[in-house]
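The sequence shown begins at 49 in our numbering and counts up one residue at a time. Cβ atoms here follow ideal geometry from the backbone N, Cα and C, with glycine treated the same way. Bear in mind the structure is a predicted one, so any value in this text is a computation, not a measurement. Since the structure comes first, as structure tokens, the remarks are kept for the end.
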Amino acid sequence: MVHVGAASLVATSAAAHQRAVVAIVGATLWDGSGAPALPGAVVLVEGERISCAGTPAACPVPAGAERVDATGRFLIPGLIDTHVHLLFRPNGVTHPSIRSDLRDLLARGVTATRDMGNNPERLLDAVREAQPAPRVFPMQLVAGIHFFSPESERTPGGVVRHAPASGGMRQLGWWPILYVSGGDPRQVIRQAREAGAVGLKLYQGLDSTQVARLSDAAHAAGMPVWGHGWVQPASVREQSQAGQDGVVHAAGLAGELIPRATRDSLRTSSALLQVTADSARSAAAARRPQV
49 MVHVGAASLV
59 ATSAAAHQRA
69 VVAIVGATLW
79 DGSGAPALPG
89 AVVLVEGERI
99 SCAGTPAACP
109 VPAGAERVDA
119 TGRFLIPGLI
129 DTHVHLLFRP
139 NGVTHPSIRS
149 DLRDLLARGV
159 TATRDMGNNP
169 ERLLDAVREA
179 QPAPRVFPMQ
189 LVAGIHFFSP
199 ESERTPGGVV
209 RHAPASGGMR
219 QLGWWPILYV
229 SGGDPRQVIR
239 QAREAGAVGL
249 KLYQGLDSTQ
259 VARLSDAAHA
269 AGMPVWGHGW
279 VQPASVREQS
289 QAGQDGVVHA
299 AGLAGELIPR
309 ATRDSLRTSS
319 ALLQVTADSA
329 RSAAAARRPQ
339 V
């Protein structure tokens with residue numbers, strides 16, 4: 049069974065958005081409303097808008113409309129992928145594969161994506177150059193001071209120092225904004241909006257007060273705030289209580305197993321991974337009420 053997004057069929061019809069009316073005829077339509085699938089449907093597209101979707105009687109094809117024969121196919125609303133990372137090479141230079149990646153998404157019926165970590169300005173430039181492509185809505189990464197500082201990790205062989213985690217991220221072309229305690233969250237919002245971001249993604253090194261201030265400022269500007277589960281030290285529960293709208297990467301729920309006083313000392317990337325692994329060693333740990 050082949051699923052084809054409505055916008056995908058239109059996009060493959062050679063700049064159909066420039067034509068007055070495009071009629072997609074003959075497909076089995078599943079519109080997501082809860083109604084049964086409708087065989088032999090007609091969908092009329094005028095410019096960038098679907099003006100009618102239903103039976104041939106309900107949606108007569110106007111004279112002069114371009115017909116797209118979709119007989120034997122399934123027509124569904126455009127899909128939305130809410131968590132992608134369209135990666136870059138060092139210094140934000142786009143990899144040539146981004147064009148094919150975007151077109152592969154479109155061919156599979158994905159007409160919109162939310163990019164959860166990147167350089168919004170450069171990403172949007174790349175998307176404009178890669179048309180036709182899904183609409184891309186980038187989130188702006190935000191992290192605290194520890195994410196930009198060298199890490200010290202205690203091992204059986206002694207203390208190992210690591211370069212700041214932000215350095216590796218920037219090699220991918222991702223550029224998180226630094227937010228320090230006491231800083232003006234409105235400045236973060238301004239930077240994010242100027243770069244083209246639609247919201248914030250909180251990453252690491254933020255306490256519950258910082259999460260609350262960023263969430264309040266973002267909401268005042270009409271922007272959502274999502275974040276990693278456990279942004280060290282703030283836990284998923286504290287992030288939610290501070291006003292954060294959503295959480296990604298459920299493995300971070302392991303932070304709920306650790307007392308607040310301990311979490312503040314677990315700031316290295318490897319510490320988070322170790323705690324997550326430890327919490328998964330038994331079924332009993334996974335069923336603890338905190339999780």
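Whole-angstrom distance between Trp-222 and Gln-235, CA atom to CA atom: For this step, residue 235 is matched to residue 187 along the sequence shown. For this step, residue 222 is matched to residue 174 along the sequence shown. Taking the straight line from one Cα to the other gives about 19 Å.
Residues of its chain near Arg-285, where Cβ-Cβ distance is below 7 Å and the 5 sequence neighbours each way are ignored: Numbered from 1 along the sequence shown, position 237 holds the residue referred to as residue 285. Short of 7 Å from the beta carbon of Arg-285, and not among the five residues preceding or following it, lie these beta carbons of its own chain, in chain order: Glu-304.
Strand pairing of Ile-225, partner residues [DSSP]: Position 177 of the sequence shown holds residue 225. BP columns for Ile-225 point to Val-190.
Stretch-stretch touch, CB-based, cutoff 8 Å, three pairs: the region 250 to 258 with the region 180 to 191: Here the region 250 to 258 lies against the region 180 to 191, with 3 or more beta-carbon pairs under 8 Å apart.
Ile-225 versus Val-132, Phe-195, Ala-106 and Val-158, residue with shortest Cα-Cα distance: As a working note, residue 225 is residue 177 in the sequence shown. Cα-wise, what sits closest to Ile-225 is Phe-195.
First and last residue of the uninterrupted alpha helix (DSSP H) at Ala-168: Position 120 of the sequence shown holds residue 168. Contrary to the premise, residue 168 reads as Pro rather than Ala in this sequence. It spans 168 to 177 - the alpha helix (DSSP H) in which Pro-168 sits, taken as one unbroken run.
Backbone CA spacing between Ala-75 and Glu-114 [nearest angstrom]: Residue mapping note: residue 75 aligns to position 27 of the sequence shown, counting from 1. Residue mapping note: residue 114 aligns to position 66 of the sequence shown, counting from 1. For the pair Ala-75 and Glu-114, the Cα-to-Cα distance works out to about 15 Å.
Coil, strand or helix - Ala-160 by DSSP: The residue given as residue 160 occupies position 112 in the sequence shown. If DSSP states are grouped into helix, strand and coil, Ala-160 belongs with the strands.
Chain-order list of residues whose beta-carbon lies under 6 Å from that of Ala-325 (same chain, five-residue window excluded): Mapped onto the sequence shown, residue 325 falls at position 277. Its chain contains no residue whose beta carbon lies nearer than 6 Å to that of Ala-325 once the 5 sequence neighbours on both sides are disregarded.
Straight-line gap, Leu-57 to Thr-130 (C-alpha atoms, nearest Å): Residue mapping note: residue 57 aligns to position 9 of the sequence shown, counting from 1. Residue mapping note: residue 130 aligns to position 82 of the sequence shown, counting from 1. Legend: pLDDT at Leu-57 = 49, less than 50; position of this residue unreliable, value from coordinates given subsequently. Rounded to whole angstroms, Leu-57 and Thr-130 show a C-alpha spacing of 21 Å.
N-terminal and C-terminal residue of the alpha helix (DSSP H) that Gly-216 is part of: Numbered from 1 along the sequence shown, position 168 holds the residue referred to as residue 216. 213 to 219 is the span of the alpha helix (DSSP H), which, as asked, contains Gly-216.
Span separating the alpha-carbon of Gln-322 from that of Ala-101: Within the sequence shown, residue 322 is the residue found at index 274, counting from 1. Within the sequence shown, residue 101 is the residue found at index 53, counting from 1. Taking the straight line joining both Cα atoms gives about 52 Å.
Burial state of Asp-117 (16 or more Cβ within 10 Å): The residue you call residue 117 lines up with position 69 of the sequence shown. Exposed, because fewer than 16 other Cβ atoms sit within 10 Å of the Cβ of Asp-117.
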